[in-house]
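Chains as they are written, first to last, in the numbering used here: chain W, 269 to 558; chain L, -4 to 294; chain C, 165 to 286.
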């Protein structure tokens, strides 16, 4: 299975817009949304079936049994994450701040603290005879997003072992979900934004991706919002030997399409035309390159 | 009795406002940078430590830089007897024992557990840098930036240090540029704020993510209002969401190619035109008014 | 000598696991006695540092060589400190890889990737 991952560095550049178009053009049988913090792909994927849901457990979190607690304060003094508070003489662990280290459980002289399983998110799997779509939603405030991303990808692969190509919608930033999504993919397409922030973030994501054995290609979205910056990106790619696969104009029709749950290749529009060209270039590299 | 923070009238000089968006690219930095610039004297705190962009706009001078350190265990080999109690205790798998103890610093969460369980007192702690905080001045705005080193496990220590550093420098109107999303970094950034501005864009994607930050600010009991950015004519799903959920719309920033171009060039738009200065001054006043109202309601 | 291979299932016919740290099992194969032992990889469900714990498991089971498709730098550090030889596995089953290894056909793993750096956690 060859895997194509779509990343951006900066948020809001159009990853999901591009990913959904690619999925449509490829008639992809396996795809995943690894932006577990803020998943969006399901909003423009046409599935009639309900997904199969599964709980995702993060690191167990501390719970204080107030019956056994003698308010000695030892737990609070040892907690490095300010997760234990004493309000109205009742000791409580804040589940949002608790990192699951279990030091409090260790130091409590009364055995009043236990580490209990904590649901950190939900996994969703859409399936129909040939297609599979794996996604997840991290519960707010949770950590452990790297492992959740790994789970999302794993489930996609398990349910579609014979598919030859999978498309993965990645997440913004350079943190947990991005690193986990990079593992094992064959190619990364970076969707860049022609702005000062966009270029800065693009450079950071490229240096992050370079650490993995992946083919990297770049495209630009909303390129006509700043032609000089677009040129800057194209020159940067040339300088770094990164294939530049095309650029998409800003297109109000794209917004309309997305808002009605369609991809930009479902309607006749300028951005749709441009993305087709980028798709051809990307597929060429993925199947023939390196 | 449930504990609630007692609000007295929140003075302008100690007001803290966070700008959030569930989704990246909606205009958090645009709004937070320009709100800070529109105020006469203010602090701008960039808590988006993975991709800090605020200073690209401010280009602040007189940079002070401080390392942010976390405590990492260190073993005294002469005392270590290889019992591996620390390895077994560590919930993060940051320790391994082959011929001696190996510590994996980026995986370590600095909980201090290994040090506690070691029966030989062989473990002590040392400081290791995980990022930096910077301070600079740009025309009346104190710009505070937090940067996380690539590869680090958690941004929370950096955000914590950034915010406490800013607080220690005295009272001023503070605008916090929160990270996108609704994960631990975001929560850390809004701990002490008086008000949250939720920035939304008029797309279906934007609404889904808006609903997540909406949940977040409700859980944290923070007063909030929305700013609709890149507003176009026609149906705006974000506007509908706000109306359906009784979220006050503080301002609508129209989609404006000139504004977009200036922003993409790293220009602070309130410093580039009367109409933009007015737009953000009006928004700032509206937010201040909302904070005062929220304070009155809570007393 | 004992060699370790990360596998998906508990049989010699199993495919090699694409991930080391999150493999389901480790096959510990003795090239002299031809005995196979499948050890469950308790690191696979760790929130972070899976590679580190997995490496510890492999070393504790006395393996002197590891055959794997890829390896993160944290796991590599643990393995190197025990002087383990790390070989790049080939496509196919564990059995096929054992044959390739004993036939001297495998090369050492050249590229160590950055791994997750514990980003499985906050």
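For every residue, glycine included, the Cβ atom is placed at its ideal position computed from N, Cα and C.
Check: Considering residue 226 of chain L, what are the terminal residues of the beta strand (DSSP E) in which it resides?; Outcome: 219 to 226
Check: Using the C-alpha atoms, what's the distance from residue 78 of chain L back to residue 112 of chain L?; Outcome: 11 Å
Check: When you compare each of C/247, C/231, C/244 to residue 182 of chain C by their alpha carbons, which one comes out closest?; Outcome: C/231
Check: Terminal residues of the continuous beta strand (DSSP E) containing residue 360 of chain W?; Outcome: 358 to 361
Check: Any beta carbon of chain C sitting closer than 8 Å to that of residue 327 of chain W?; Outcome: yes
Check: With a Cβ-Cβ cutoff of 8 Å, do residue 140 of chain L and residue 156 of chain L count as a contact?; Outcome: no
Check: Looking at C-beta atoms only, is the number of pairs between the stretch 381 to 396 of chain W and the stretch 313 to 331 of chain W that lie closer than 8 Å three or more?; Outcome: yes
Check: Classify residue 271 of chain C: buried if its beta carbon has 16 or more other beta carbons within 10 angstroms, exposed otherwise.; Outcome: exposed
Check: Jot down the residue ranges of each uninterrupted alpha helix (DSSP H) in the stretch 374 to 454 of chain W, minimum 4 residues, whole runs only, in chain order.; Outcome: 413 to 427, 444 to 450
Check: I need the DSSP call for residue 194 of chain C, collapsed to helix, strand or coil.; Outcome: strand
Check: Can you tell me where the alpha helix (DSSP H) holding residue 531 of chain W begins and where it ends?; Outcome: Careful: residue 531 of chain W lies outside any alpha helix (DSSP H) and carries neither H nor E.
Check: Can you tell me which of L/163, L/223, L/249 puts its alpha carbon nearest to the alpha carbon of residue 237 of chain L?; Outcome: L/223
Check: Starting from residue 182 of chain C, find everything on chain W with Cβ-Cβ shorter than 7 Å and list it in chain order.; Outcome: 452
Check: Could you tell me if the beta carbon of residue 170 of chain L falls within a distance shorter than 7 Å of some heavy atom in the ligand PLP?; Outcome: This structure simply doesn't include the ligand PLP, nor any ligand for that matter.
Check: Please list the terminal residues of the continuous beta strand (DSSP E) segment that includes residue 56 of chain L.; Outcome: 56 to 70
Check: I'd like to know if residue 278 of chain W contacts chain L, where contact means its C-beta is closer than 8 Å to some C-beta of that chain.; Outcome: yes
Check: To the nearest angstrom, how far is the alpha carbon of residue 138 of chain L from that of residue 33 of chain L?; Outcome: 14 Å
Check: Going by C-alpha to C-alpha distance, which of W/449, W/473, W/451, W/551 sits closest to residue 442 of chain W?; Outcome: W/473
Check: How long is the line joining the alpha carbons of residue 266 of chain L and residue 134 of chain L, rounded to whole angstroms?; Outcome: 10 Å
Check: Using DSSP with H/G/I as helix, E/B as strand and the rest coil, what is residue 178 of chain C?; Outcome: coil
Check: Against chain L, does residue 464 of chain W count as a neighbour if the rule is that its beta carbon must be under 8 Å from one of theirs?; Outcome: yes
Check: Does the Cβ of residue 249 of chain L have 16 or more other Cβ atoms within 10 Å, making it buried, or fewer, making it exposed?; Outcome: exposed
Check: Can you give the Cα-Cα distance for residue -4 of chain L and residue 356 of chain W, rounded to whole angstroms?; Outcome: Confidence at residue -4 of chain L is low in this model, with a pLDDT of 26, below 50, so its placement is unreliable and the value that follows should be read with caution. Looking at the two C-alpha atoms, the distance is approximately 8 Å.
Check: By Cβ distance, which residues of its chain are closer than 8 Å to residue 331 of chain W, with the 5 residues on each side in sequence left out?; Outcome: 361, 381, 382, 383, 384
Check: Between residue 385 of chain W and chain L, is the shortest Cβ-Cβ distance under 8 Å, so that the two count as touching?; Outcome: no
Check: Which runs of the beta strand (DSSP E), 3 residues or longer, sit entirely within the stretch 197 to 234 of chain C?; Outcome: 200 to 204, 229 to 232
Check: Looking at C-alpha atoms only, which residue of W/419, W/450, W/490 is the closest neighbour of residue 517 of chain W?; Outcome: W/490
Check: Is the CB of residue 178 of chain L under 8 Å away from at least one CB in chain W?; Outcome: yes
Check: Classify residue 123 of chain L as buried or exposed, calling it buried when 16 or more other Cβ atoms lie within 10 Å of its own Cβ.; Outcome: buried
Check: Which residues, taken in chain order from the stretch 362 to 388 of chain W, show a beta carbon closer than 9 Å to some beta carbon of chain L?; Outcome: 364, 365, 367, 368, 369, 370, 371, 374, 375, 383
Check: Can you name, in chain order, every residue of its own chain whose Cβ lies under 8 Å from the Cβ of residue 67 of chain L, other than the five neighbours on each side?; Outcome: 98, 100, 103, 105, 120, 121, 122, 123
Check: According to the Cβ coordinates, are residue 505 of chain W and residue 522 of chain W closer than 8 Å?; Outcome: no
Check: With 8 Å as the threshold, decide whether the Cβ of residue 192 of chain L is near any Cβ in chain W.; Outcome: no
Check: Quick check: the Cα distance between residue 194 of chain L and residue 20 of chain L, rounded to an integer number of angstroms?; Outcome: 10 Å
Check: To the nearest angstrom, how far is it from the Cα of residue 272 of chain L to the Cα of residue 376 of chain W?; Outcome: 56 Å
Check: Per DSSP, what are the beta-bridge partners of residue 171 of chain C in this structure?; Outcome: C/180, C/189
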